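In the working numbering, the protein residues as written are -4 to 466.
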């Protein structure tokens, strides 16, 4: 556990309270498709068969449950999901599948931090593994977006892949909540742990799948949104042998020299204090057409994101803010540090860049990857994120393994669509189309459409539940 100067250990109860206050503010929709034919008659078939044999390798604790429905329709209101932690990620009107019986395993791997209070465990490195009765031979692995926890993408990802017959595994990344930066010994340790935890869960989930069904998964896919999109990129660059491909939904870009969050966000704090103009934000990469989203992001995202990631990678810069915690109330958590208005990543000591380089991306992917990014993303501007990452992949000679789709009208999270249905479109249906395109690419050799802008469909289309990537 890395502590900033004079930092006491985080008290679990207080940490859980702060997480609950901020989770919905930190960072979609189903097109029902026929599931891949599942192996109901394979060894281990039958409702919750072999449940007594399931042992997640390396887990310090695990609890398995035989459930009639592993989707959010069946789990809402039970200890097996957390609907509050999914707030803001999807648009209303999203159609999700349901009725997928099977086994759910909840647990945690050994860890020293105590930021995740789910199940009353006050223990990080929590995971969930879901094993449907009807299995198609595949496994999908993801991490939590933002600073959320392991159930946060149940409606976005788990429901649909379970209905298609995939086993599913998700991790809290090893530290959660707005105080995640307190975890670790050195700057960058908390984010570095995220990558290690995804690898750890992937290996363990493959073994659990083998125990449940009598054979290892034939295909394993890694995927995720925001911070978990970054994890997807990192895994395919550094652990490609574990996966067959991945879908990256507007992953965070970390590069040692920049761009990264610490080069794009300081100007937003400066603007909030009246020291920068709208034109300065546009010059920094924020889309001019996204101005209508700026007031919300100024209140809920920009200052908070800058201060907690700056505390993670550069704790010596204004150690009093955020100090020992991001805050005790919602207002304190969301408030920016005034000092961040003057933060200059390029002028900081070389040790800061070295901390970022420990977790930096290179573009050297080793398996097929599809990236999606909204052109109105107002937290991770597309010009300083996925546009750059696509060039990095091409620069490494890996363009043949990559497809990049810009979603016109897409924002960082789909929840704001309901406030601005005339200006935004949800990315989730495009994500689901992209996942299907990836599996056809990997399993049938059917190449996805070339890189392109996915236009907003004509009036009258079900933009919440459908998306055509083109041909």
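By construction, the Cβ of each residue, glycine as well, lies at the ideal position given by its N, Cα and C atoms. Keep in mind the model is a prediction, meaning the values are calculated, not measured.
Rounded to whole angstroms, the Cβ separation of residue 122 and residue 103 is 7 Å, and the two are in contact under 8 Å.
Residue 256 and residue 264 have their C-alpha atoms roughly 12 Å apart. For residue 58, there is no enclosing alpha helix (DSSP H); the enclosing beta strand (DSSP E) covers residues 56 to 62. In this structure, the beta-carbon distance from residue 338 to residue 312 falls below 8 Å. Among the bridge pairs identified by DSSP, residue 103 is matched with 56 and 121. Taken through DSSP and simplified to helix, strand or coil, residue 177 comes out as helix. In its chain, beyond the 5 residues on either side, 126, 134 and 204 have a beta carbon closer than 6 Å to the beta carbon of residue 162.
Taking the Cα of residue 438 as reference, the smallest distance to any Cα among 71, 197, 241 and 144 is reached at 241. One Cα belongs to residue 116, the other to residue 197, and the distance between them is close to 22 Å. Distance between residue 74 and residue 157, taken at the CA atoms: about 19 Å. For residue 56, same chain residues with a beta-carbon under 8 Å away, outside a window of 5 residues either side, are 102, 103, 116 and 118 in chain order. About 5 Å separates the beta carbon of residue 320 from that of residue 174, a gap short enough to meet the 8 Å contact definition. In this structure, residue 444 sits near residue 464, with a CB-CB distance shorter than 8 Å. Of all alpha-carbon atoms in 425, 207 and 431, the one lying nearest the alpha-carbon of residue 452 is that of 425. Leaving aside the five residues that flank residue 277 on each side, the residues in its chain whose CB is nearer than 8 Å to its CB run, in chain order, 283. In this structure, the straight-line span from the alpha carbon of residue 105 to that of residue 169 is close to 10 Å. Counting C-beta pairs with one atom in each stretch, the region 74 to 85 and the region 400 to 409 have three or more that are closer than 8 Å, which means they touch.
Considered as a whole, the region 112 to 163 harbours 154 to 158 as its complete alpha helix (DSSP H) runs of no fewer than 4 residues, in chain order. By the Cβ neighbour-count rule, residue 368 is buried, with 16 or more other Cβ atoms within 10 Å of its own. Beta-bridge partners of residue 165 (DSSP): 123 and 137. Here residue 408 carries a coil assignment [DSSP, helix/strand/coil]. When rounded, the separation of the alpha-carbon atoms in residue 329 and residue 258 is 19 Å.
Secondary structure remark: continuous beta strand (DSSP E) runs of at least 3 residues inside the region 339 to 378, in chain order: 364 to 369. For residue 291, the enclosing alpha helix (DSSP H) covers residues 289 to 292. Under the three-pair Cβ rule at 8 Å, the region 369 to 380 does not count as touching the region 337 to 356. With respect to the 8 Å criterion, residue 397 and residue 383 are not classified as neighbours on the basis of their beta carbons. With a threshold of 16 other beta carbon atoms within 10 Å, residue 179 meets it and is buried.
Its chain contains 353 and 354 as the residues whose beta carbon lies nearer than 7 Å to that of residue 187, once the 5 sequence neighbours on both sides are disregarded; these appear in chain order. Only residues of its own chain outside the window of five on either side were considered, and among them 42, 96 and 97 have a CB closer than 6 Å to the CB of residue 128, listed in chain order. Under a 10 Å Cβ-count criterion, residue 154 is classified as buried, with 16 or more other Cβ atoms of the shown protein chains found around its own Cβ. Look at residue 216 here: in three-state DSSP terms it is strand. If the five residues before and after residue 176 are omitted, its C-beta is found closer than 7 Å to the C-beta atoms of 185, 303, 306 and 307, all from its own chain and listed in chain order. Residue 447 sits in a strand when the DSSP states are folded into three classes. For residue 402, the secondary structure class from DSSP, reduced to helix, strand or coil, is strand.
Cβ atoms of residue 152 and residue 124 stay farther apart than 8 Å, at about 14 Å. Within the DSSP secondary-structure output, residue 243 pairs in a beta bridge with 219 and 366.
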